[in-house]
Structure formats: structure tokens, C-alpha cells
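Protein sequence lines, in the order shown, are assigned to chains A, B, C and D. Each residue of the first sequence is one higher than the last, beginning at -10 in the numbering used here. Each residue of the second sequence is one higher than the last, beginning at -10 in the numbering used here. Each residue of the third sequence is one higher than the last, beginning at 43 in the numbering used here. Each residue of the fourth sequence is one higher than the last, beginning at 43 in the numbering used here.
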Amino acid sequence: MNIELSPSELEFRDNVRSFLATSLPEELRNAAIVNISALFEYDISHAWHEILYAHGLAAPSWPEEYGGKGWTAIQEYIWRIETWRASAPVISQLGMRLVAPILLQFGTEDQKREFLPRLLSGEHYWCQGFSEPGAGSDLASLKCAAVLEEDCYVVNGTKLWQTHAHYSNWMILLVRTKDTGKPQDGITCLIVSMESAGIAVQPIKTIAGDHEVNQVFLDDVRVPVSQRIGQDGDGWMIAKHLLAVERASPGNATARLRAQLTILVENIHKNKAARDDPFIIQRLANHSIDTDVVEMLELETLQNDPHQDDGGVVASTIKLRASIVEQAIHETAVMVLGDEALEWESKRPLHAAGRSLDELKDLAVIPRYLNSRVRTIFGGSTEVQLGIIAKWLSHHQGQARL
Amino acid sequence: MNIELSPSELEFRDNVRSFLATSLPEELRNAAIVNISALFEYDISHAWHEILYAHGLAAPSWPEEYGGKGWTAIQEYIWRIETWRASAPVISQLGMRLVAPILLQFGTEDQKREFLPRLLSGEHYWCQGFSEPGAGSDLASLKCAAVLEEDCYVVNGTKLWQTHAHYSNWMILLVRTKDTGKPQDGITCLIVSMESAGIAVQPIKTIAGDHEVNQVFLDDVRVPVSQRIGQDGDGWMIAKHLLAVERASPGNATARLRAQLTILVENIHKNKAARDDPFIIQRLANHSIDTDVVEMLELETLQNDPHQDDGGVVASTIKLRASIVEQAIHETAVMVLGDEALEWESKRPLHAAGRSLDELKDLAVIPRYLNSRVRTIFGGSTEVQLGIIAKWLSHHQGQARL
Amino acid sequence: MNLKYSTEQQLLADSAHRFLTTNYDFSVRQKIVAGDIHASEKSWIRFAELGWLGLPFTEADGGFEGSETDLSIVLNALGAALVVEPYIPTVVLGARAVMLAGTESQRQVLAHVAAGDIKMCFAHNESKSNGDLSVVETKATQKDKGWEIEGTKTIVLGGGEADYIVVSARVSGEINSKNGIGLFLVPKNIKGLEIKSYYLTDGSQAATLSFRDVSVEKDCLLGATEKTFDVIEEIFDRAASALCSYIVGGLRKLIAETHGYVSTRVQFGRPLIKFQVIEHRLAEMLVAYEEARAIANFSTVSLSSSRQLRMRAVSAAKVKVGDSAKFIAHQAVQLHGGMGVTEELSVATYLKAVTVFNLLYGTPDQHRRRYERLMTNGAFATHDSLAYSIDQ
Amino acid sequence: MNLKYSTEQQLLADSAHRFLTTNYDFSVRQKIVAGDIHASEKSWIRFAELGWLGLPFTEADGGFEGSETDLSIVLNALGAALVVEPYIPTVVLGARAVMLAGTESQRQVLAHVAAGDIKMCFAHNESKSNGDLSVVETKATQKDKGWEIEGTKTIVLGGGEADYIVVSARVSGEINSKNGIGLFLVPKNIKGLEIKSYYLTDGSQAATLSFRDVSVEKDCLLGATEKTFDVIEEIFDRAASALCSYIVGGLRKLIAETHGYVSTRVQFGRPLIKFQVIEHRLAEMLVAYEEARAIANFSTVSLSSSRQLRMRAVSAAKVKVGDSAKFIAHQAVQLHGGMGVTEELSVATYLKAVTVFNLLYGTPDQHRRRYERLMTNGAFATHDSLAYSIDQ
């Protein structure tokens, strides 16, 4: 075993670094630094999307024929580490990393031609209509129903937790098209224009005062059959595939953590009491070691055969640990700032609050801590991950990986 | 609310202190200080029993007519705190605090006359035959069977975890006398002489090399019906009663913890690196605060009406926390001594190893840490306690105590 | 020793909780935080009518001579409802300074507090304090007719709503000398006082108070300056203890809310509480609550005891309640899943209140260090029972 | 970058585990710990035959030129079986000192090690060390024909079984100077050397070595004294990393044992593993194991890298593996219930091995502090990928 990058990989990294140094506008960078919500605010991520698109870097991991660069997993990894390191925003992952692979795998040629270029250019912005009130971790119990009437599905129901639905023009939707048999078998995947008649988006304000997620009501929404992905009843399989794709995001966890660590280190440096506090330094060291561990686990996955699914046990381990480590980092950030962190600025997005960058950095600390609580809830809660891991272990008769 | 003792209670404490100062022999004290197992070694606890008996203090909480002093709960509390504070051994609790209340409550006059005085004097030493292989937390599933033949029960089966069975001359035993109906209904309580034919005691060596517990095999052991406690089938009720009595041991948890803390403080004082280590001092402060909490919870119980059973939720909380705090104290003790703790002295009892008191104190650190692991297992594991607490909370519709 | 509530105290607790459950539920609180001043004022008047605002004052000062325990009971109920009005700044801090150090004529303000006419605050913290109570840079200079105050006070709880401010200022000595600090009772509308009001994480209100050449009368000085540091230290401890009682009330509510949620929310065909992991998590939350409750009571009973016992008990409580509160609030959010991080349910607001709690009047780390200092200086012995405190 | 085992390495792992499962199960280990010297010697010879004892040596020295990864694979297998023979003292410590600093003639000892004829140890620690590697009070004074060594070495792993001892002694400088330390290769039966052998918690063997006027030849000195501290530091790191690989093997076994136990043990009518709390606990143990495994690999690959990366990686590993190991061992005992604390099952012995692990070659606290120093001194940047290490 060895851990070092090859000379050509190091050169690739240096090229990424210089691209970022010249192409990332300072105002975007400053806005990204004080971004508090789970995703980057639409105004900054979209602006960055356009810059990347202009440089052919909107979706570098896509195949070249669709406008990507066909990067290797290690190159993607380096890209992520470097963009977070440079405090660049991350552009919407939903379209780029979830919708696109589904279209590539299951979409018709027409669907690919229609949607992939607009996704790449940023003209289309996507949200995901999977969860419902009462169907989150337990996706198979979803109730939102679609009835086929001639060449349209007529959809009725409610979806919950649609991130950025209020900015989106398209939604990828799971609906129930059959009520009998195994609940998993009656699910179908549709794509729906958010401008369709009968769609209402209701904002949900979350713990730090952000409007990031929504509840989406569908009332007799007509979706042409041509906007079905795969066959009727393929929804569960597509969702599972999407989950597997979601797992393989090389460097996502590490890059996020290293970026949060960097902000924390900066805050500790600014604050003499924190700098001299052995307990703060101890916490920082623990966070750094925990991040080293997450990175080792992620680096190992770079060599994995993407077709050899391990049931997600490694992805679950990484997700579980990275979530907890990130929460702990934000707890330390609150400790470092102390009671100075308590002033609440309610303007959102925070970067538009008309305050100085230094003030914004302090004002971001508690909102970020509060928002970090969702890390162990969304995207598969810690409890769900432990269930997956336990199942894997029993399946392997208690034998862990060597 | 107020927390202070009354002047007469303080006077009582001072009397206990002077009694201990004059009556506790130094060699017993030194042996008790390096006692590593869950109970005090028989040789020291029995010697101390004889001294207490001579002073009429072998069972001060018993009613005066049976040789006790009829102490109040607060007096008992003070006694416990002071005896641990003076590093006195604690005499066998099984006979004094478990068998005696059962005899007082359920025993015949003959049984009381026969057994209580000998228990008090120390002539009889008891062990408990409840658990079995496969029936620990799940006591109702016990299998050791007794068949009535004329005026004797004939007992066959195996009991596990009999503490000090190898020093005992009597055992209080739960047996199955009925195989039909609810498993709880077919259990009967017997008292058995350890000299009975058909009893074999097999030592179990535990993690720190101690011989403290045993497995007891019963092969056609004949027990006269006159040695049954209560009626045939009363065993489960008696076990439940015993559990309730066991819960009300005012000061037990606090006094133990304060004694362990005292040893830890002494070890830290001796060791300059530990004394100057902010992390060690932080751990010590946490242990001390945790002990303060356990004591507050115990002090509150002193005013409880013993007839008003709360289902054991407070006792469970105290047991759960005290076990964990004690384990953490011993982990710190290992850290304080560092690699100097690693030498293993296998002689048991440790106090008889022919080493100096200072050496013995160091040699006791790791065995004590290892033995402390049973705290969260025996006497109702942490998982069992959480189950009791959860049940209570649901029974009270989620309303905690004010 | 007596660690149970009396029958009267049980009644007080029941009535306080009942009153707030009926009149100050989460929707009322949300309205108040969104700016409904009328609802807030109405609540404050009701607090006065219930006798809560004058609870600890002597009868002569218009109060009810309530005990520390009585006060803790009201604070517990206020915390269960997460009341945002400045009860602690007014009754526990500002008024307490007057009680401890005021002359008879200065104490006249207390009757107005009890009646609900006057709110107060305690302006001591400065940007350089960093947890050290002796740091006072704000200056009070003696002028012919009185004093002139100059300086800035930060994170003054209730500072934007207070009618009267108790402000500390240095009369003599170095910036961090325990001697030479004066406390001054100042009305809010005095010339030269600029109040910059803002909200904290949980929607409660605080302010930065800037004193620019503020001239006050001679009789605004509270008590002798030699004793002022002790007063400040006691108020600090009383504030920390009051916050503990308040948040413990919130934690109890949070457990009830969470228990209710997991009992009704169905996943994979059964209520969440039927999953053993959830069941045990709730039990762990209850254990943490019991610990917090017990040690908060220790701090309450310590307030009328010796200085060293008080400091030990308050610091133990602030550490343990802080850790327990964080655990319970985090788990409450976790068990609520996505709903736990919306502003629709109250659970997110309780987490915010817990966050504020852990940063005010000493963080758990700061209190742990004070506890360590007391322990290593021999202010208490770890082998003694807490009940031995009286003759130490 | 390559973080997978090669096919050959996979085979090495399989054969090592298979060999020890067959020939060194828990009952064999118990016999050896109880004093069966014959069984122990037999095992040692087999280790030699399998090529484990000369694994890292060059071919010229009688070895197999195994990589750091190869060595970690064997260590992992040894840890799974909790092998008590002094493999680490001999191969990783004593022999490594000779490899790093020995002359060709001194290196002749390595072939004997590889053949299983000679065991070694590394005697550096002293009672005043307290984690500081530069502390050497033992003195080496130059005499006409060679050196005279005087001093006492404590907690020398394998010190009672070693045929050759590498001992550090001060040639010049202050007691904690990094300069002026010499390493000497000394046979066990030399005049004036008193070896007080004893057992550690887990049944492995250590000794106190007292040197009283021990005269050694001139050519016993290993390498130049200016470089000796670097050698000692590297051996310290290699020891810590080896211990990590060893104990990670044990942890994997411990999880398998625990999984097996809770799968068969029935309580309240069903196997323990059917209780969700137990199921999730096992999952948490696996997560802790994965963390330990991954970071131990980081330390392995760092050993042939720069000094700073090595120190960072080894300290990160010793901290994380230590914490994970303690968690896993505690939970393994807990889930075994009463059986977990008997000497009948192996689980108690694994806890003892974990306890020893956490006290040898730097405690988690000591390594955390070294990691902190590297971090705050800028030896690495927290925003850089571990894979960037090469050009830092």
C-alpha cells in the first residue's frame, strides 16, 4: 500500500488550484464562506455554475459525449478537495449527480437529449420528490398516487422536504401507481415540470431561519407518459440505483470536513483565549484525527469497483461518521466564539445581510451549528445507517473486513 | 428544601467516626484499601463482622428485638458514608440485607429463631442461588427443579454466579416446582445447607484472577419442607420483594463512589505529571460532579416512603449512573498510573501477596479497573435498567418527575 | 435535611405550570418573538398578579418572602414554556442587586418591580470580561453632585426592555481588581446612555449599553464598594442557578414532547417508540434529565448557604445541566427526524434555548474549571457527603 | 496511491490467520501463559519457518524484504490470536535498531533472529522517562577497551526472554538531551546485568534491566551517536504502529466472537442479536473497528514516508485505535454479560490486551498531544488531503 498521488495527479491538482485562483470571484467566495445551510444558496451556486459551464467544468465526471470530462475517481476526489479548500460554492448536486446518472442509465434517448444539455447549462434546476409526510426513511410506504389516464399520469398527493423546490423548474418524482402486492413494486418514477398546473410549493422554515426545503402539494397534476423514467413499477429499482450512485461521491465527506476544520482553525487563531485553551486544542486535534479517518475510508473507496456493491456498508460508515464529526466541529466552533456567538441575524441569505465579512463569519457560527443537526437525520439517519451496518455484519457472520 | 444534617445527626456522625477511629484495626484497613473484587475478601470482612458484632453493630438497621439498632435511613446513610470514608471493609450484604428481610417478612417463627441470630453473629454465611446458565436477567426462565418427596424437596440443577459460595454454609435458592402455567408461578424459595449431600461448588475465575463467584451443581439434594420460605410457588414474589429491598440501600452508591474518588485523589497527589495534567484534573472534576449528582439522587430517596414503590425507576437511575461513574473513575486511575500500572501480581487475595502497601496500591489499579466492568452487568445490566426506565416513562405518558 | 416540596410548593408548581400551559403555549411565544408587544405586556402583568415578580422580596419591599425553592419552582415553569420576557434579568439579577446592596430609599424600586411597572437588568459584562467577573473597564468618576459613567456593557440580558439598569463601574483600582467596583442604579432614559438592542438565538432580547458621559446622582450608588464584588459574584451564581432551574423545566417538556411524537409517528408499520433503540434513547434522556433536575436542586438549596458551597453547587449544576441539556435537546431533535429541525414544532426552539443556556453566565467549561479550583484548593473534600456542608 | 492488498498480500493474510487459528487458539495461548515453555518455543520455531521472523530484513541479512504492509499483515494475524511471544520486541524493535544503525558485522545477528535462534528486546524506557524519548539517565562511559554501562531500564518488553538487548545509554550531554545517546547491542548473559522479569496484565512478559558496571566491547555501539535519537524516535513510531496493527487484528476477532455469542445466547425467548439495541451496538463496534483499521493502515503506509508524516500518522492511529479498541473491548465484555468477565472465554483476555496496548509506546493522551504539537507547529495543514503528503 502507499498513499501518495502520482506526479501527474499532483499536476492535475495544481491545475485545478490555478483555475480556482483565477476563476472564483471574491464575492462568491465570501458568500460561500458564510453559507450556513445544508446546500449552498441558490444565488451563489447558480452564479458559480455559469462560470464552470463557461469553462466546460459544470459536470466533469460525466462522459465526454455529454459535455463532461470523464475524470477518474481520483481526479474527482482532488477536484472536490480543492474546490472546498478554495471556499468555492458547490453547485447543485441533485441534478448533476443524481438526475443525470438516472437519465443516463434509464432514460430514453429523447429524455437524454431534452434534459442533459439543459441540466449542464443550468437552465434546468431540479428538485427531488421522494419523501412524504409519513414516508421518509420508510420510502416504500409512500402514498402520493398517480393514475394513468390516456397518455398522462394524473398525480395527487403531498411531498415533503423538497430542497430548493422554490428555485426548481423540474422535479424527479416517485409516485404510487399500484396499491396491491408488495409496496415496493407499485412505485413509478416521473419527471414533472414545476410549472405544471396543480403544483403548489409551500415553504418550510428550518431551525436556523432558512427557507431551503418545502412541502409540495400535487393536485391533479398531469404528467405525460413520455416523462416516465423506465417502466411503470420501476420506481423502487431506480431509487435504489440512485442511492448507490449517491454513495459514490468520492471526497464529498472529507472535503466538507476539511473546509469546516479550516474555518474552525481560523476562528481559533483569531481568539487568544481559545488558542491557549488546552481543551479547545484537544477538541480540534480530535476533529482532525476523525477527519483523517474519514479520509482514509474515502480514499479506500476510490479503488472500489463501482459494479461491486457492498450493500452500502462503507458508504454508511462514512456517512455516519462524517455527520457526527461535522456536528462536533460546529459544537466546538460555538465554544470558541462563546457568548459573542449569541447575537441572531435573521436576514437570509446571510451573506446579503449587509454586514462586514468578519461580522458575518461570527453570525454564521450558531446557525451553522443548528443546521448541522440535520446531518444525522437527512440522507439516511444515523439509526438507519446502523441498521444497514448491522445487517451487513450478520450477513457476513460477524466477520469484519480485514 | 435544605440539605444540611441536623445537629443530632451531625453528632451521630461524629460518634460513628470515633468508633471507627478506635475500633478498625490498621491491618484490616490496609487490606480493605487494596481490595480489588466486587465484594470484600472473606478474611477481612469476616474479621470486621466479629468486631462489629462485639459492639452490637453487625446489623444496626434491623429492629432492636432481633439485635439491631433500628436506625433511621439517614443514620444508615451516615454509617455507610463514614465506614467507606474510613476504608473499613463492608460485611457481607447478602445475609444482612437480603436474607434477613426475607426471613423477617416471609419466614416462620422457627426459621427466624434458627437463622437470624446466627446470621447476626457471623456463624452463618450465605450465598444466593438465583441465576443459572441461561437465566440471568431473565430469571423467570430458571430450570433448576425441585420435586416434593414426602417431607423433602429433591433438587436437581445448576446455579451460576454464586458469590462466595465457597465460604458459605447456607444458600437461599430459587427452584422450579411447577412446569405448567406462567413460568413465574412455578418458582419456590428454599434455604439449603451447603453441607447437604449432592452439592458441588466449582470455582469460576474472573477477569482479574479472583475466585469470587462459583457455579453450584445440585444433584438430588434433599431439602426439608421446613426450609421452604413462604408457600410453594411464592418464589417469584419473594424475588421481587428482595429486589425492592435491594434497591433501598441508602448511601450504598455514593459511599462506594466517594471511597473510589478518595483513592484516585491520593494517586493523583502522589504523581506530579498527573497533578499538572489539565485533562486528568478535568476527569477528576467530572467524576466528582457525577458523584454529587448520584448523592443528590440518593439523598432524595432517604425521605421516600418505603411502601410506595415507584417500580424502581429511581433505584435504576442510581444503579445505572453509579456503575458508569465507577467504571470511569477506574479508567482514570489507570491513566494516572500509566505504564507503571502494567505489572501483574497474580496472588489472591492481593493484600496477602507479601508486598508493601504502596506497591499493593499500584498493583490494585488495573485489577480494579477490570473488575469494574461487571458493574454494568451484574445486579441488572445497564440495558435492563434502561428497559425499566423506559417502561416507567411510557407508563407516565412521557411526564418526568418535576 | 429535606429535599421534597412542601404541599404549598407542590400547589405553586401545579398552578404555575397550569397557568403557562393555558396562557403561554408555543403559538403565543411565537407571536411574542415575532413582535407582538401587546401579548408580551399582558403576560408580564399576569406574572405580577400571580405574585411571581415580587416573589423573593420582603413584605416591606412589596414582596412575598418566597424561598429559593419557591423561586426555582416558578423558574422551572417559565422554562417549561420558554417564556422570553426578562424575568431573570429583572427579578433574579437587577432586583437582587438592589435587595443585596440597596438603601431603604433605593429599595423602593422593588415594589414597582413586584407590581409589574418596572423591568430591570444587570449590566456587568464587558467585551474584555471573558468569564472573569473582576474585569470592569467602565469608569465611574466622582463629580461635584454625583458620578459620571463612561464605558460599554455587552450582552446585557433584557437590556433593551429594562426601565432601570444596575450597572457596574470602576471607581478605583486596576481593570481586573476585585476592589473598587461600584454598582449604580440608573434609569434607561438618562442622557448619554445609548442602548443597542438585539435578539439572541432563542428570541430573547439583549443589548449593548454604551455610557457616554452619563451623569448620575450621588445616591445612585448601591452599597459600599468594598462589598460590591461579593454582590456581583453572588448575582452571577444566582443567575446561573436560575438559568438551571429554568432550563430543567424546558427539558422536562422536551422529553414529554418527544415521547408524544415517537408514540404516534409510525415507521415500518409501528410507532417509533416500539423500536428498542428509540425506547432506550428516551430512557437515556430521562436519566440525563434526572441528573439535571437533582443537581439543579443542589444549586437551589446552596444559595442560602456558605459562599464556597454555593460556588461548588452552582458550578456543578451548570456543568451537569449543560451537558444533560445538550444531550436531551440533540436527541429530541434527532428522534423528531426532519420535523425536529422545522420552526413548526417547538423542539427546535428548545434546542436554541439550550444553546443560549450553555453560553450565558459561565459555559460548562468555565464552571468546570471553577469547580476544579475549589476542589484542588481544598474548598471541599470529595470524600464528604454533600449533607455535611454546614460545618465545613 | 494504492490502498488495497495485492494478491500476494491477501494470500499472506489468509495463510497467517489460518496457521494461527489452527495452531494457536485460545487454549494454546492459555497453556503458554500458564508456563508451557515448550509450546511457546514450538510456536516461535514455526514463526521462523513461515518467514515471519526475518520478514522485514534484507535478503543479505537473511530476510525476505517484506514491505511495511506485509509486516502489518503478519502483526494483524498475531494480534487476532493474541500471540504472547515477543515478536514486536524482537522483530520490530531490537532487530530494527540493528537494521537502522548496525554495521555489517553487527547485522549478522539478524540472520539468527530470522532463523528463530535469537530473541531481542529494546531497552530504552526509564523510570523518569514519562513519555519523553530524550530522557536517558543510564550512562555509558568510555573505558580503554570499550564502554561501561550503568543504569536501569524499566518495562522492557520481552526483556526476560531476549538473548540480545539493544540498550540506550548516555554518552554525553544532559539527562534529556537529544544528543549524546548511544545504542549498544549487549548479550543477556553479560556480567553485571540483572534481569527482573515479570508479567503484564495480558500475560505477556516484560522486565526491569539493571546494568551495574557492565563492560562491553567497543564494537557493541550501534551507529553514530548524532543519529541515535532519530533511530530511537523511528523505533518508537514503528513500535506504536506495530501495536496498532496487532490490536486491530484482535478487535476483528473480538467482534466475530461477540457476534457469535449474541447470535446463540437466548434471553426472553429470542437470541440477543434480535434485540435492536444489541444489533445497533454491534454496528457501532463495527464502525469503531473500521475507523481503527483505516487509520492503522495510514500509520503503516506512513512508516516509509517523511518523519513528519510518520509522526502525524502514528499519533493519529494510536489515539483512534486506542479509543476504538477500548470501546469495542468494553462492549464485547458487556454483550457477553457475566461470561464476558470469566477467564473461560477469550473476551476478557482481549480487554486485557487492549488495556496493555493503551499504555505502551504512548498513551492516547500523549499521542494526541504530539499530534496537537505537529498541528499547531504547522507540520501539516488540516485542509490538505492525506494523499498530498509527498510534496509537503
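Idealized CB from N, CA, C, for every residue including glycine.
Opposing strand residues paired with residue i [DSSP bridges]
i	result
residue 319(C)	For residue 319(C), which the question treats as bridged, DSSP gives no partner whatsoever.
residue 159(A)	115(A) and 182(A)
residue 198(C)	249(C)
residue 162(C)	206(C)
residue 431(A)	In the structure as shown, chain A begins at -10 and stops at 391. Residue 431(A) is therefore absent and cannot be evaluated.
residue 189(D)	184(D) and 258(D)
residue 410(A)	A question about residue 410(A) goes unanswered here, because the residues of chain A that appear run from -10 up to 391.
residue 228(C)	207(C)
residue 380(C)	Bridge partners of residue 380(C): none, in fact.
residue 176(B)	165(B)
residue 264(C)	225(C)
Contacts around residue i, its chain only, beta-carbon distance under 6 Å, and the 5 residues preceding and following it disregarded
i	result
residue 161(B)	88, 117 and 180
residue 434(D)	Note on residue 434(D): pLDDT 43, under 50, position unreliable in the model; the coordinate value appears next. So no residue of the chain qualifies.
residue 239(A)	62, 65, 66 and 291
Whole-Å CB distance - residue i paired with residue j, under 8 Å assumed
i	j	result
residue 147(B)	residue 384(D)	Not confirmed; about 15 Å, so no contact.
residue 128(D)	residue 204(D)	7 Å
residue 185(B)	residue 210(B)	5 Å
residue 301(B)	residue 218(B)	Going by Cβ atoms, the distance from residue 301(B) to residue 218(B) rounds to 22 Å, so no, they are not a contact pair.
residue 224(D)	residue 182(D)	5 Å
residue 398(D)	residue 175(D)	No, residue 398(D) and residue 175(D) are not in contact; Cβ-Cβ is about 20 Å, not under 8 Å.
residue 164(C)	residue 208(C)	5 Å
Contacts around residue i, its chain only, beta-carbon distance under 7 Å, and the 5 residues preceding and following it disregarded
i	result
residue 196(C)	167, 168, 169 and 250
residue 303(B)	286 and 290
residue 403(D)	278, 281, 282 and 285
residue 364(A)	312, 315 and 316
Per-residue contacts from residue i into chain F (C-beta, under 7 Å)
i	result
residue 324(B)	Checking the listed chains, one finds no chain F in this structure; the protein chains it contains are A, B, C and D.
Spatial neighbours of residue i in its chain, beta-carbon cut-off 8 Å, leaving aside the 5 residues before and after
i	result
residue 282(A)	310
Which complete alpha helix (DSSP H) runs does the segment 187 to 243 of chain A hold, if anything under 4 residues is left out? Qualifying alpha helix (DSSP H) stretches, in chain order: 224 to 236.
Which runs of the alpha helix (DSSP H) fall wholly inside the segment 325 to 362 of chain B and span at least 4 residues, in chain order? Listed in chain order, they are 346 to 352 and 354 to 361.
Kindly provide the ranges of any alpha helix (DSSP H) runs that are 4 or more residues long and lie completely inside the segment 288 to 370 of chain C, ordered along the chain. 318 to 344, all fully within the segment 288 to 370 of chain C.
The segment 38 to 50 of chain A touching the segment 79 to 99 of chain A, judged by at least three CB pairs closer than 8 Å: Three or more Cβ pairs drawn from the segment 38 to 50 of chain A and the segment 79 to 99 of chain A lie within less than 8 Å of each other, which places the two stretches in contact.
Cβ contact check for the segment 344 to 354 of chain C and the segment 118 to 132 of chain C: 3 or more pairs under 8 Å: Proximity of the segment 344 to 354 of chain C to the segment 118 to 132 of chain C falls short of the contact definition, fewer than three beta-carbon pairs being nearer than 8 Å.
Segment contact, 8 Å Cβ cut-off, at least three pairs: the segment 266 to 282 of chain B with the segment 307 to 322 of chain B: Enough Cβ pairs lie closer than 8 Å, so yes.
Evaluate contact between the segment 145 to 159 of chain D and the segment 301 to 319 of chain D, counting only Cβ atoms and requiring at least three cross-stretch pairs below 8 Å. No, the segment 145 to 159 of chain D is not in contact with the segment 301 to 319 of chain D.
Segments of 4+ residues assigned as alpha helix (DSSP H) that fall wholly inside the segment 8 to 42 of chain B: Within the segment 8 to 42 of chain B, the runs of alpha helix (DSSP H) at least 4 residues long that lie entirely inside it are, in chain order, 15 to 22.
Suppose only complete runs of 4+ residues qualify. What are the alpha helix (DSSP H) ranges in the segment 238 to 280 of chain B, listed by chain order? For the segment 238 to 280 of chain B, whole alpha helix (DSSP H) runs of length 4 or above, ordered along the chain, are 241 to 259 and 261 to 264.
Closer than 8 Å is the cut-off here; do at least three beta carbon pairs connect the segment 151 to 158 of chain D with the segment 133 to 142 of chain D? Contact between the segment 151 to 158 of chain D and the segment 133 to 142 of chain D is present, because at least three Cβ pairs lie under 8 Å.
Indicate whether the contact test is met: 3 or more Cβ pairs, each with one atom in the segment 298 to 315 of chain D and one in the segment 360 to 380 of chain D, closer than 8 Å. Note that the segment 298 to 315 of chain D touches the segment 360 to 380 of chain D; at least 3 beta-carbon pairs, one per stretch, sit closer than 8 Å.
Any contact of the segment 117 to 133 of chain B with the segment 142 to 157 of chain B, i.e. 3+ C-beta pairs under 8 Å? They touch, by the three-pair rule.
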